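Chains as they are written, first to last, in my numbering: chain A, 1 to 582; chain B, 583 to 757.
Structure follows, in C-alpha cells:
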C-alpha cells in the first residue's frame with residue numbers, strides 16, 4: 001500500500017519512539033501536520049520557532065532522548081538556527097525537521113524558500129535535503145542514529161513539500177541497511193586498552209591529580225563510574241558548567257566549578273595539579289583562561305569520544321578516544337588490577353589537605369544586604385535552593401544569574417541542571433525549562449532568568465499555559481544587562497553603554513498574569529522565602545517571581561577574559577588573604 | 583618567502599549532493615587554506631575522491647584531518663607523502679606568440695612534451711600534463727612570452743604501487 005511522504009515521516013517518528021515534538025506549522029510543512037492528527041505523538045505548539053528548538057534541547061538534556069522540533073521553511077528554519085547552534089556547541093541530541101519549497105521550485109527564490117541545509121551545515125552534526133518520499137524512512141533512521149551516537153548533536157532533515165505530498169511504498173530500514181548507508185560513520189566507543197593501562201599507571205603515580213569532568217560524563221551517563229574512580233583514588237573533582245550534577249556537590253572531594261567564575265579552589269587545583277584526568281571535557285577557553293599558562297605542570301589524560309577534541313587546545317599525554325562510561329569502567333578495572341597486583345598509589349594526602357585548605361579559606365561569598373538595602377541575587381538563589389523540592393531541575397539563561405545559579409545551587413544528581421554553555425544563548429531558560437518539564441512532568445522545574453534574557457523568549461509561557469506545562473520562573477531582575485555591566489564597570493572604566501534595561505518596564509507581574517501565570521513581585525529579603533513557598537505550592541499553573549535585586553552586584557571569583565587562571569580576582573572580602581592560594 | 587608547506591590529502595567521500603560544499607565549508611569555517619582541490623568519481627560510482635592540497639603546519643593538519651573525519655559522508659582519509667606518490671596535474675595556457683617567437687614556443691613545448699592544442703594569428707594554446715613541479719617550471723618559462731590566460735586543474739594523486747610504507751592511513755574515524 002502506498003502512503004504519502006508525510007505519513008511516512010510521522011510513522012518513522014513513531015517507529016523512533018518519539019513521544020513529543022515541539023513545533024509550529026506553516027506553508028511547506030503543512031502536509032506533515034495532517035497525519036499528525038491521527039498520531040499518538042504529542043505536539044507542543046510554541047509561540048516562536050526558536051522556542052521549539054530550545055524546548056527540544058531542554059527535553060533532551062533531562063531525558064537523554066533526542067528532542068524533536070518541526071517547523072516550516074524559510075523564516076521558520078532561520079528561527080531554528082540559534083537552537084541548532086546551541087545544541088551543536090553543547091552536544092545535545094536533537095532532530096529538527098524543516099519544510100522546504102517543492103523540489104521543482106528549489107533554487108528559484110520561491111516564497112519562504114531559503115537554503116536551509118546550506119545555512120545549517122556548520123551548526124549541525126549532519127543535515128540532509130530529502131529529495132524523494134521513498135528516502136524518508138532511511139533519512140529519519142539515520143538522523144536519530146547520528147544524533148544519539150558518538151558525540152551527540154543536532155541533525156536536520158529538510159523536506160520539500162512535494163516530497164511530503166507524493167507517495168511511496170513503506171519500508172523500514174534494518175540496522176544493517178542503516179550501517180551500510182553510512183560507510184564513513186563508525187564512532188569509536190571503546191578506549192584503547194594500552195592507553196587505558198597507561199592512564200591508570202599515571203593516575204596511581206600522580207601526587208596532585210584532579211578529575212576534570214565535562215559534559216561528556218553526563219552525555220555518556222558515566223556519573224556512577226566517575227564516582228568510583230574519585231573514591232577509589234580519593235582525589236579531588238571539578239565539575240565544569242556543563243557537568244554540574246555529574247558529581248554530588250555535597251561530596252567532600254568536589255571542589256565545584258572551575259573556570260572564569262569558578263571557585264578559587266577548583267581553579268587553583270587545576271593550576272597546581274600534576275595530572276589532569278579530563279573526562280568528556282574540551283578545555284574550553286572559559287575553563288583554561290590563557291591556555292599558555294593553564295595547568296603548566298600537569299600531564300593530561302584526555303578521554304573524549306570525539307578524536308578532534310584530542311589535542312585541539314592542549315596536547316594530551318594519554319589520549320583516549322571513547323565513550324566516557326565505557327572508558328571509565330575499564331579504568332576502574334585497570335586501577336583495581338594494578339592495586340591488587342601490589343602497585344601503590346602515590347600519597348595524595350598532602351595534596352588533598354592543600355586543596356581543602358583553599359576550599360575552606362575561599363568559599364563562595366557575597367555581602368549580605370543591610371536592612372533597607374536592595375536584595376542580593378545570591379540570597380534569592382540560596383533561598384530557592386534551600387526550599388526546592390527534592391530532584392528539582394534548575395534551568396538558567398545566560399549571564400550573571402547563570403553563574404550564580406551554577407555557584408550557589410547544590411547539584412546532587414545528574415540531569416538536574418540545564419543551561420546554554422557553549423553558545424551562551426540569552427533567552428534559553430524559559431523554553432528549555434518547558435522542554436525539561438515535558439520530559440520530566442513529575443519534577444519541579446525552576447527557570448532562573450535575568451530580566452534581559454526573560455524578555456527574549458518570555459512569550460513561551462503562553463505555550464506553557466496552553467499546553468499545561470507548569471514551570472516556575474525566578475527573574476533576578478536588576479534592570480541591567482548585568483554581566484555586560486560588570487565588564488563595563490571592571491574593564492571599561494565604569495562607562496556604562498547600552499546596558500540599562502529601563503527598570504519598571506515591563507511590569508513582569510502583569511506580563512506573567514496576562515500569559516496565564518501567577519506573578520509575584522519581591523522587593524525585600526523578608527519577602528523572598530514566602531514568595532518561594534507560594535511558588536512551590538502552585539502546581540496547576542506557571543509562576544513568575546520577579547526578584548528586584550541590587551543592580552551593582554558582581555560575580556566573583558573572576559578570571560578576566562584572556563588572563564591566566566593564576567590571576568583570579570577574588571571577592572573583595574577575600575582579596576587580603578590571596579597569598580594562601582599557593 | 584619560504585616555500586609553503588604542502589600536504590596532500592586524499593579524501594574518499596560518499597558520492598552525494600552537497601559533499602563538496604561540506605568539505606569546502608569546513609575549511610572556510612575552521613580557517614584552513616585550500617591550495618588546490620580536485621574531485622571526481624572513483625572506480626566505485628558510490629564514492630568520489632577529493633584530492634586536497636593544504637598549506638599548513640603539522641598541528642593544524644592533524645586538526646583538519648580529524649575535523650574532516652567528523653563529516654558523516656567522509657569514508658577515508660589518507661595523507662600522501664609527495665615523495666612516495668604519483669602526482670599529476672594538467673595545465674592549459676594561451677600565450678602571445680607572434681611570428682617571431684612562435685618557433686621558440688613550439689620548441690619549448692617539445693622539450694616539455696607539451697601539446698599545441700590551438701593556433702591563432704598571434705597566440706598559441708598549449709597543454710601540458712605532468713607533475714606539479716614540471717608545470718611550475720613550464721609556467722615560469724611561458725611567462726616571459728606573455729600569458730593571456732592560464733588554467734591548472736589542481737593536482738590529483740595516488741600512492742606509488744608499493745603501498746605499505748607509502749600511505750599513512752589516518753587512524754581513528756570520528757564520531
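Even for Gly, the Cβ is constructed at its ideal location relative to N, Cα and C. Owing to the predicted nature of the structure, the values given are computational and were not obtained by experimental measurement.
By the CB criterion at 9 Å, residue 305/A and residue 189/A fall inside the cutoff. Around the C-beta of residue 316/A, 16 or more other C-beta atoms lie within 10 Å, and the residue is accordingly described as buried. In the DSSP assignment, residue 261/A falls outside any beta strand (DSSP E) and carries neither an H nor an E. Counting C-beta pairs with one atom in each stretch, the stretch 374 to 381 of chain A and the stretch 41 to 61 of chain A have fewer than three that are closer than 8 Å, which means they do not touch. The beta carbon of residue 391/A sits closer than 8 Å to the beta carbons of 413, 416, 443, 444 from its chain, once the five residues preceding and following it are set aside; these are given in chain order.
Residue 178/A sits in a helix when the DSSP states are folded into three classes. Taking a Cβ-Cβ threshold of 9 Å, the residues of chain A close to residue 651/B are 184, 307, 308, in chain order. Rounded to the nearest whole angstrom, the CA to CA distance from residue 493/A to residue 485/A is 11 Å.
For the stretch 595 to 619 of chain B, the set of positions with a beta-carbon nearer than 8 Å to some beta-carbon of chain A reads 595, 596, 599, 600, 603, 604, 607, 608, 611 in chain order.
Taking the beta carbon of residue 638/B as reference, no residue of chain A falls within 8 Å; the closest one sits roughly 15 Å away. Scanning its chain for C-beta atoms nearer than 6 Å, with the 5 sequence neighbours on each side dropped, one finds around residue 431/A the residues 51, 54, 55, 457, 460, in chain order.
For residue 218/A, the CB contacts under 8 Å within the same chain, skipping 5 residues up- and downstream, are 242, 243, 245, 246, 280, 414, 415 in chain order. Across the set 259/A, 534/A, 275/A, 186/A, the C-alpha of 275/A shows the shortest separation from the C-alpha of residue 199/A. A contact between stretches requires three or more CB pairs, one per stretch, nearer than 8 Å, and the stretch 434 to 442 of chain A fails this requirement with the stretch 497 to 504 of chain A. Listed in chain order, the positions of the stretch 121 to 132 of chain A with a beta carbon within less than 7 Å of a beta carbon of chain B are 121, 122, 126. Look at the stretch 653 to 670 of chain B: the residues with a C-beta under 8 Å from a C-beta of chain A are 653, 654, 655, 656, 657, 658. Burial state of residue 626/B is exposed, judged by a 10 Å Cβ sphere holding fewer than 16 other Cβ atoms. Collapsing the DSSP output to three states places residue 313/A in coil. Against chain B, a Cβ distance below 8 Å from residue 117/A picks out 600.
Residue 401/A carries a helical assignment under DSSP once its states are collapsed to helix, strand and coil. The bridge partners DSSP lists for residue 738/B are 670/B.
Counting C-beta atoms within 10 angstroms of its own C-beta, residue 323/A has 16 or more neighbours from the protein chains shown and is therefore classed as buried. One thing to note: residue 65/A has its Cβ no nearer than 9 Å to the Cβ of residue 83/A. Any Cβ of chain A closer than 9 Å to the Cβ of residue 625/B would place that residue at the interface, and such an atom is absent. Counting C-beta pairs closer than 8 Å gives fewer than three between the stretch 257 to 275 of chain A and the stretch 163 to 180 of chain A, which falls short of the contact rule. Cα atoms of residue 576/A and residue 567/A: separation of roughly 14 Å, rounded to the nearest angstrom. The beta carbon of residue 190/A does not come within 9 Å of any beta carbon belonging to chain B, so the residue lies off that interface. Its chain contains 41, 68 as the residues whose beta carbon lies nearer than 6 Å to that of residue 18/A, once the 5 sequence neighbours on both sides are disregarded; these appear in chain order. Between the stretch 550 to 566 of chain A and the stretch 249 to 256 of chain A, the count of Cβ pairs shorter than 8 Å is below three; the stretches do not touch.
Residues of chain A whose Cβ lies closer than 8 Å to the Cβ of residue 645/B are, in chain order, 308, 311, 312. Going by DSSP, residue 148/A is part of the alpha helix (DSSP H) stretching over 136 to 148.
Per the DSSP secondary-structure output, residue 477/A pairs in a beta bridge with 548/A.
Residue state for residue 25/A is assigned as coil, using DSSP reduced to three classes. With a threshold of 9 Å between beta carbons, residue 648/B makes contact with chain A. Closest in alpha carbon position to residue 589/B, among 598/B, 685/B, 604/B, 667/B, is 667/B. Going by C-alpha positions, residue 314/A is about 12 Å away from residue 308/A.
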